[in-house]
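Chemist: Let me begin by handing over the structure; questions about it come next.
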Amino acid sequence: MNEGPTITTIAQHAGVSIASVSRVLNGLPTRAETERRVMSSARELGYVPNSMARSLKSRRSNQIGFAMADIGNPVYLAMIREIQPVLKEAGYRLVLHSTNVDAADEISVLRGLGERYVDGLIMIPLRVTDEHLKMFAAARAPIVIIGSVPEGTRVDNVRTDSRLGVRLAVEHLHGLGRRRIGFVNGPLDTIPGAARSAAYTEALAALGLPYDPGLVQVGDFYRPEGARATARLIERAPDLDALLCANDLIALGALDVLRRERRRVPEDVAVAGMDDTDLATVAWPPLTSVSLGSAERGRAAAELLLDRLARGDRAPRAVTVEPRLVIRASTTGEENS
22 MNEGPTITTI AQHAGVSIAS VSRVLNGLPT RAETERRVMS SARELGYVPN
72 SMARSLKSRR SNQIGFAMAD IGNPVYLAMI REIQPVLKEA GYRLVLHSTN
122 VDAADEISVL RGLGERYVDG LIMIPLRVTD EHLKMFAAAR APIVIIGSVP
172 EGTRVDNVRT DSRLGVRLAV EHLHGLGRRR IGFVNGPLDT IPGAARSAAY
222 TEALAALGLP YDPGLVQVGD FYRPEGARAT ARLIERAPDL DALLCANDLI
272 ALGALDVLRR ERRRVPEDVA VAGMDDTDLA TVAWPPLTSV SLGSAERGRA
322 AAELLLDRLA RGDRAPRAVT VEPRLVIRAS TTGEENS
């Protein structure tokens with residue numbers, strides 16, 4: 022089905038930024054030449070504004086919300102650095118909200134959209150419940166979800182293929198000759214925890230390695246919990262020669278424990294993380310990590326939301342950011358990034 026032009030296609034046609042198109046279509050002040058080019062391109066491409074969305078703009082707050090699990094997590098900071106300038110150029114302020122992975126708090130944020138304190142919301146729920154899905158469907162303002170949602174959920178969505186990311190890391194460790202590859206994960210009832218657990222099992226099977234539950238430890242997505250989980254794992258499996266951690270914070274905790282136990286990294290144990298945050302480059306040794314495109318996902322979410330604000334009647338869109346492995350000294354002994 023042809024959804025018609027989006028602000029992305031208008032921006033490309035006019036040779037201006039997506040934020041500039043959003044400003045023009047939402048009636049915000051902008052340069053006369055920019056306005057002329059945008060409106061000319063919109064007419065040529067057959068853009069038709071949504072009258073309902075226009076009527077809602079009369080109650081505009083000029084604010085966009087960003088609800089995330091932990092405002093101190095460097096993944097979310099990387100997203101904020103991309104989201105804020107895109108929204109600012111379009112005339113919006115960014116309002117941050119930390120949910121502490123509390124589903125009830127997330128539902129409260131979604132319910133509050135009816136009060137119009139923000140014009141739209143970007144959200145990263147680590148668990149998606151039936152109540153979340155009901156609130157997505159009933160939302161009184163545009164929403165973009167960063168992360169996986171059930172198939173058929175009618176909401177704009179930006180995701181990454183973390184399963185592929187896990188496979189890349191396991192294949193890398195295997196290629197280095199490691200065969201006892203341990204895995205420290207976050208809670209299995211979260212979207213990333215469940216996906217990475219399944220991907221680890223699949224990656225081992227693809228390489229002909231048996232799944233050993235004794236090589237797996239579940240903790241939480243924070244550095245202290247990563248350290249505790251790693252300590253329990255190496256006590257149970259002292260012969261492990263590699264460690265995949267479900268995020269960089271867990272990996273930092275793992276490095277703390279390995280250093281304390283006088284296990285050399287990577288000579289005795291090669292360590293890989295996920296997310297490729299700024300912490301990976303300042304860790305010692307520098308941490309091999311799977312980039313899940315945090316910055317790209319943030320920018321894509323901001324652009325999707327601006328497009329939805331400008332054209333509220335289009336079909337939901339999904340954007341997928343591909344992962345890539347960034348190799349550093351924690352697995353190879355030398356800096357390769």
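Under our numbering, the residue at position 294 of the sequence shown is numbered 315, and the numbers go up by one with no gaps.
For each residue, glycine too, the CB sits at the ideal point set by N, CA and C.
For clarity, every value in this text was computed on a predicted model and none was experimentally measured.
Please list, in chain order, all residues of the same chain as D241 whose beta carbon is under 7 Å from its beta carbon, the five residues on each side excluded.
Modeler: Taking the first residue of the sequence shown as 1, we reach residue 241 at position 220. G207 and P208, listed in sequence order.
Chemist: Can you give me the start and stop residues for the beta strand (DSSP E) that I92 sits inside?
Modeler: Reading the sequence shown from its first residue, position 71 is the one you call residue 92. Segment: none, I92 is in no beta strand (DSSP E) and carries neither H nor E.
Chemist: Does the count of Cβ pairs from the stretch 310 to 322 and the stretch 344 to 358 closer than 8 Å reach three?
Modeler: Cβ pair count under 8 Å is three or more, so yes.
Chemist: Specify, as a first and last residue, the run of the alpha helix (DSSP H) that I212 falls within.
Modeler: In the sequence shown, the residue the question calls residue 212 occupies position 191. I212 to A227 is the span of the alpha helix (DSSP H), which, as asked, contains I212.
Chemist: I need the DSSP call for R87, collapsed to helix, strand or coil.
Modeler: Counting from one through the sequence shown, the residue named residue 87 turns up at place 66. According to the sequence shown, residue 87 is Phe rather than Arg. Three-state DSSP puts F87 in a strand.
Chemist: What's the gap between the Cα of V205 and the Cα of T150?
Modeler: As a position in the sequence shown, residue 205 is number 184, starting the count at 1. As a position in the sequence shown, residue 150 is number 129, starting the count at 1. Approximately 25 Å between the Cα atoms of the pair.
Chemist: Sort I101, I85 and A215 by Cα distance to I164 and report the nearest one.
Modeler: Taking the first residue of the sequence shown as position 1, residue 164 is located at position 143. I164 has its Cα closest to that of I85, out of I101, I85 and A215.
Chemist: I need the boundaries of the beta strand (DSSP E) containing R180, first residue and last residue.
Modeler: Reading the sequence shown from its first residue, position 159 is the one you call residue 180. Its beta strand (DSSP E) spans residues D177 to T181.
Chemist: Tell me the residue span of the beta strand (DSSP E) that contains V333.
Modeler: The residue given as residue 333 occupies position 312 in the sequence shown. It should be pointed out that residue 333 corresponds to Gly in this sequence rather than to Val. G333 -> no beta strand (DSSP E), and no H or E assigned at all.
Chemist: Do you know how far the Cα of I31 is from the Cα of S38?
Modeler: Locating residue 38 in the sequence shown gives position 17, counting from the first residue. Locating residue 31 in the sequence shown gives position 10, counting from the first residue. C-alpha separation (whole angstroms): 9 Å.
Chemist: Between which two residues does the alpha helix (DSSP H) containing G203 stretch?
Modeler: As a first step, residue 203 is located in the sequence shown; it is residue number 182 there, counting from the start. Not the alpha helix (DSSP H): G203 falls in the beta strand (DSSP E), residues I202 to N206.
Chemist: Going straight from the alpha carbon of A111 to that of A272, what length do you get?
Modeler: The residue you call residue 111 lines up with position 90 of the sequence shown. The residue you call residue 272 lines up with position 251 of the sequence shown. C-alpha separation (whole angstroms): 37 Å.
Chemist: Tell me the residue span of the alpha helix (DSSP H) that contains V37.
Modeler: Position 16 of the sequence shown, counted from the start, is the residue given in the question as residue 37. It is not in any alpha helix (DSSP H) - V37 carries neither H nor E in the DSSP assignment.
Chemist: How about I349 and P307: are their beta carbons less than 8 Å apart?
Modeler: Mapped onto the sequence shown, residue 349 falls at position 328. Mapped onto the sequence shown, residue 307 falls at position 286. Note that residue 349 corresponds to Arg in the displayed sequence, not to Ile. Going by C-beta atoms, R349 is nearer than 8 Å to P307.
Chemist: Does D296 pass the burial test, meaning 16 or more other C-beta atoms within 10 Å, or should it be called exposed?
Modeler: Here residue 296 is taken as the residue at index 275 of the sequence shown, counted from 1. D296 should be labelled buried.
Chemist: Could you tell me the alpha carbon to alpha carbon distance between R281 and S351, rounded to whole angstroms?
Modeler: Along the sequence shown, read from residue 1 onward, the residue named residue 281 stands at position 260. Along the sequence shown, read from residue 1 onward, the residue named residue 351 stands at position 330. Those two C-alpha atoms are separated by around 16 Å.
Chemist: For the alpha helix (DSSP H) that V368 lies in, which residues bound it at each end?
Modeler: This structure cannot settle anything about residue 368, because the visible part of the chain is limited to 22 through 358.
Chemist: Given that a residue counts as buried once 16 or more other Cβ atoms are within 10 Å of its Cβ, and exposed if not, what is Y138?
Modeler: Residue mapping note: residue 138 aligns to position 117 of the sequence shown, counting from 1. Exposed, because fewer than 16 other Cβ atoms sit within 10 Å of the Cβ of Y138.
Chemist: When you compare the CB positions of G235 and A258, do they come within less than 8 Å of one another, or not?
Modeler: As a working mapping, residue 235 is identified with position 214 in the sequence shown. As a working mapping, residue 258 is identified with position 237 in the sequence shown. Yes, the Cβ-Cβ distance between G235 and A258 is below 8 Å.
Chemist: Using a Cβ-Cβ cut-off of 7 Å (strictly less than) and excluding sequence neighbours within five positions of V340, which residues of its own chain qualify?
Modeler: As a working note, residue 340 is residue 319 in the sequence shown. V179, A321 and L325.
Chemist: Who are T341's beta bridge partners in DSSP?
Modeler: For the purposes of this step, residue 341 is identified with residue 320 of the sequence shown, where counting begins at 1. Answer is R180.
Chemist: To the nearest angstrom, how far is the alpha carbon of E355 from that of C266?
Modeler: Looking up residue 355 in the sequence shown gives position 334. Looking up residue 266 in the sequence shown gives position 245. About 20 Å.
Chemist: If I measure Cβ to Cβ from N121 and keep anything under 8 Å in the same chain, skipping five residues before and after, which residues do I get?
Modeler: Numbered from its first residue, the sequence shown carries residue 121 at position 100. Cβ within range, chain order: A90 and D91.
Chemist: For A263, does the count of other Cβ atoms within 10 angstroms reach 16, so buried, or fall short, so exposed?
Modeler: Within the sequence shown, residue 263 is the residue found at index 242, counting from 1. By the 10 Å Cβ count, A263 comes out buried.
Chemist: For V311, which three-state DSSP category applies?
Modeler: Residue 311 sits at position 290 when you count from the first residue of the sequence shown. Strand.
Chemist: Using a Cβ-Cβ cut-off of 8 Å (strictly less than) and excluding sequence neighbours within five positions of R249, which residues of its own chain qualify?
Modeler: Indexing the sequence shown from 1 puts residue 249 at position 228. Cβ neighbours of R249 beyond the five flanking positions: G240 and G274.
Chemist: Roughly how many whole angstroms lie between the Cα atoms of G36 and T211?
Modeler: As a working mapping, residue 36 is identified with position 15 in the sequence shown. As a working mapping, residue 211 is identified with position 190 in the sequence shown. Looking at the two C-alpha atoms, the distance is approximately 41 Å.
Chemist: Using 10 angstroms around the beta-carbon of N83, count the other beta-carbons present and answer buried if the total reaches 16, otherwise exposed.
Modeler: In the sequence shown, residue 83 corresponds to position 62, counting from 1. It is exposed - the Cβ of N83 has fewer than 16 other Cβ atoms within 10 Å.
Chemist: DSSP three-state label for V3, please.
Modeler: Because the chain is modelled from 22 through 358, residue 3 falls outside the range shown and cannot be assessed.
Chemist: Measure the alpha-carbon distance for P213 versus M60 and round it to whole angstroms.
Modeler: What you label residue 213 is simply residue 192 of the sequence shown in a count that begins at 1. What you label residue 60 is simply residue 39 of the sequence shown in a count that begins at 1. If you take the alpha carbons of P213 and M60, they lie about 42 Å apart.
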